[in-house]
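> In UniProt numbering, the protein residues as written are 1 to 372.
Here a beta-carbon is modelled for each residue, glycine too, at the ideal position from N, C-alpha and C.
Remember, predicted model here, so these are calculated numbers, not experimental data.
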């Protein structure tokens, strides 16, 4: 009996002195989105009649605010409740201080932006009342453009899950995109989704666009290149991207040792080829006719338009659409078609009020709105 008691006591002592369990691993760092581009000082003037050379017209309505596609996209993201960061060249000029204070008051991170003493980029925008057109005159030079060295020195790839580029200097932007692609190849578990917005079909722009995952085409492309509808726009972009990518790949040195491609298998000659994974999704939005989308496997679909009864502010409508689509894809994990429909509704709501404050009325519970 005594031996049994001693044995049980020793067992209890051993249990009491077991080492503590190791602490759980720390949670992964929170990743947010980044917009790379420009920030401008916009002077907006609203007129009743179109202006002609030499004409003097007085108006009683106008405003000035922070502009630039990348800065506008960050503003929309914050209105929708998404953590974001802006990366672009900012000015230390006193007239630009209110724009910097606006970034900080809205919670947009600008800690990595390079500062310059040069004159800031500014735009003069003339909007005709109740008409969906505007006239824009922009002042910008090389001093306001972000360089590849500034981008590499400021960006920590582990912090971001999505990077959106404003295609201003496609040569420098291409180097930035290739740097992110190299990171994705090294760390596939922390892959960064890339997107770009563009307004022209130049070869350098098309080459950069062919490297990303999502391409947002601006409304002005239809008028500039005389396209009839959104389907022609997205297909023209796809063809130009293929042409630019093919010419670029011919100039690249082949990796050593170079192995020729394998001949096709006799059992797979009659099978259908899979979708091409190296082609981006092309999206074009026109709030008058709807949004057009061309998938990576050349599948085309269209989302209907949301035309408001009255146009109040047509400035930055394309930026609102792009930001809303990215928000729906990355924050709510919506399907692409539903995300594009959400973007069309956001851009339509933007047309009904000045600025971006009206976007606070957009629903945040998108799952309950779309999937119930």
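1) Pull up the CB-CB distance for residue 117 and residue 92, whole angstroms please, since I reckon it's below 8 Å.
2) State buried or exposed for residue 285, treating a residue as buried only when at least 16 other CB atoms are found within 10 Å of its CB.
3) Return the bridge partner residues of residue 43 from the DSSP annotation.
4) Report the residue ranges of all alpha helix (DSSP H) runs contained in full by the region 89-118; include only those spanning at least 4 residues, in chain order.
5) Do residue 198 and residue 217 come within 8 Å of each other at the CB atom, strictly closer than that value?
6) With distances taken from CA atoms, which of 301, 340, 188 and 146 is nearest residue 172?
7) Is DSSP giving residue 297 helix, strand or coil here?
8) So, do the region 117-131 and the region 308-321 have three or more beta carbon pairs nearer to each other than 8 Å?
9) Roughly how many angstroms separate the alpha carbons of residue 169 and residue 119, rounded to a whole number?
10) Where residue 290 and residue 302 are concerned, what is the direct C-alpha to C-alpha distance, given to the nearest angstrom?
11) So, using beta-carbon positions, are residue 70 and residue 121 closer together than 8 Å?
12) Consult DSSP for residue 350 and reduce its assignment to one of helix, strand or coil.
13) Nearest to residue 106 by alpha carbon, out of 326, 238, 357 and 363?
14) Once you ignore the five residues that flank residue 361 on each side, which residues in its own chain have a CB closer than 8 Å to its CB?
15) Assign residue 190 to one of three DSSP states: helix, strand, or coil.
16) Using the C-alpha atoms, what's the distance from residue 43 back to residue 152?
17) Quick one: measure Cβ to Cβ for residue 344 and residue 305, integer angstroms, because I've assumed they're closer than 8 Å.
18) Does the beta-carbon distance from residue 206 to residue 241 come in below 8 Å?
19) Which residue wins for smallest C-alpha separation from residue 326, given the options 297, 192 and 203?
20) For residue 98, which of 194, 41, 342 and 48 has the nearest alpha-carbon?
21) Based on Cα-Cα distance, which residue from 244, 219 and 189 lies nearest to residue 209?
22) Give me, in chain order, the residues of the same chain whose beta-carbon lies closer than 6 Å to that of residue 203; leave out the 5 immediate sequence neighbours on both sides.
23) Looking only at DSSP bridge pairs, what is residue 36 linked to?
24) Find out if the Cβ-Cβ distance for the pair residue 33, residue 82 is shorter than 8 Å.
25) Compute the beta-carbon to beta-carbon distance between residue 353 and residue 65, rounded to the nearest angstrom, for a pair I have assumed lies under 8 Å.
26) What residues in its chain sit with their C-beta under 6 Å from that of residue 323, if we drop five residues either side in the sequence?
27) I'd like the span of the beta strand (DSSP E) that includes residue 283, first residue to last.
28) Throw me the rounded Cβ distance for the residue 110 and residue 139 pair, which I believe falls under 8 Å.
29) Where does residue 280 land, buried or exposed, given buried means 16+ other C-beta within 10 angstroms?
Short version:
1) Against the chain shown, residue 117 aligns to sequence position 117. Against the chain shown, residue 92 aligns to sequence position 92. Contact between residue 117 and residue 92 holds, with the beta-carbon distance rounding to 5 Å and staying under 8 Å.
2) In the chain shown, residue 285 corresponds to position 285, counting from 1. Buried, because 16 or more other Cβ atoms sit within 10 Å of the Cβ of residue 285.
3) In the chain shown, the residue the question calls residue 43 occupies position 43. Paired residues: 64 and 124.
4) 97-105
5) Here residue 217 refers to the residue found at position 217 of the chain shown. Here residue 198 refers to the residue found at position 198 of the chain shown. In contact: residue 217 and residue 198 (Cβ atoms closer than 8 Å).
6) In the chain shown, residue 172 corresponds to position 172, counting from 1. The residue with the shortest Cα to Cα distance from residue 172 is 146.
7) Here residue 297 refers to the residue found at position 297 when the chain shown is read from its first residue. In this structure, residue 297 counts as coil in the three-state DSSP scheme.
8) yes
9) For this step, residue 169 is matched to residue 169 along the chain shown. For this step, residue 119 is matched to residue 119 along the chain shown. The straight-line gap from Cα to Cα measures roughly 19 Å.
10) The residue you call residue 290 lines up with position 290 of the chain shown. The residue you call residue 302 lines up with position 302 of the chain shown. Straight-line Cα distance between these residues: approximately 7 Å.
11) On the chain shown, position 70 is the one that residue 70 refers to. On the chain shown, position 121 is the one that residue 121 refers to. Going by C-beta atoms, residue 70 is not nearer than 8 Å to residue 121.
12) By one-based count along the chain shown, residue 350 stands at place 350. DSSP places residue 350 in helix when its eight states are reduced to three.
13) Mapped onto the chain shown, residue 106 falls at position 106. The candidate whose alpha carbon is nearest that of residue 106 is 357.
14) As a working note, residue 361 is residue 361 in the chain shown. Closer than 8 Å at Cβ, skipping near neighbours: 349.
15) Along the chain shown, one-based indexing puts residue 190 at 190. Helix.
16) On the chain shown, position 152 is the one that residue 152 refers to. On the chain shown, position 43 is the one that residue 43 refers to. Each residue's alpha carbon lies about 32 Å from the other.
17) For this step, residue 344 is matched to residue 344 along the chain shown. For this step, residue 305 is matched to residue 305 along the chain shown. Confirmed, Cβ separation roughly 7 Å.
18) By one-based count along the chain shown, residue 206 stands at place 206. By one-based count along the chain shown, residue 241 stands at place 241. Cβ atoms of residue 206 and residue 241: closer than 8 Å.
19) Counting from one through the chain shown, the residue named residue 326 turns up at place 326. Of 297, 192 and 203, the residue nearest in Cα terms is 192.
20) Against the chain shown, residue 98 aligns to sequence position 98. Minimum Cα distance to residue 98 is reached at 41.
21) Looking up residue 209 in the chain shown gives position 209. Of the listed residues, the one whose Cα sits closest to residue 209 is 244.
22) Residue numbering aside, residue 203 sits at position 203 when the chain shown is read from its first letter. Excluding positions up to five away in sequence, the list reads 244.
23) Taking the chain shown and counting its residues from 1, the one referred to as residue 36 is at position 36. BP columns for residue 36 point to 87 and 165.
24) In the chain shown, counting from the first residue as 1, residue 33 sits at position 33. In the chain shown, counting from the first residue as 1, residue 82 sits at position 82. The answer is yes: Cβ separation under 8 Å.
25) For the purposes of this step, residue 353 is identified with residue 353 of the chain shown, where counting begins at 1. For the purposes of this step, residue 65 is identified with residue 65 of the chain shown, where counting begins at 1. Not quite, the Cβ-Cβ distance comes to about 13 Å (not below 8 Å), so this is no contact.
26) On the chain shown, position 323 is the one that residue 323 refers to. When the five nearest sequence neighbours on each side are left out, the beta carbons in the same chain lying within less than 6 Å of the beta carbon of residue 323 are those of 73, 76 and 77, in order along the chain.
27) Taking the first residue of the chain shown as 1, we reach residue 283 at position 283. Start and end: 281-286.
28) On the chain shown, residue 110 is found 110 positions in, with the first residue counted as 1. On the chain shown, residue 139 is found 139 positions in, with the first residue counted as 1. Not really, about 21 Å apart at Cβ, beyond 8 Å.
29) In the chain shown, the residue the question calls residue 280 occupies position 280. Burial call: buried.
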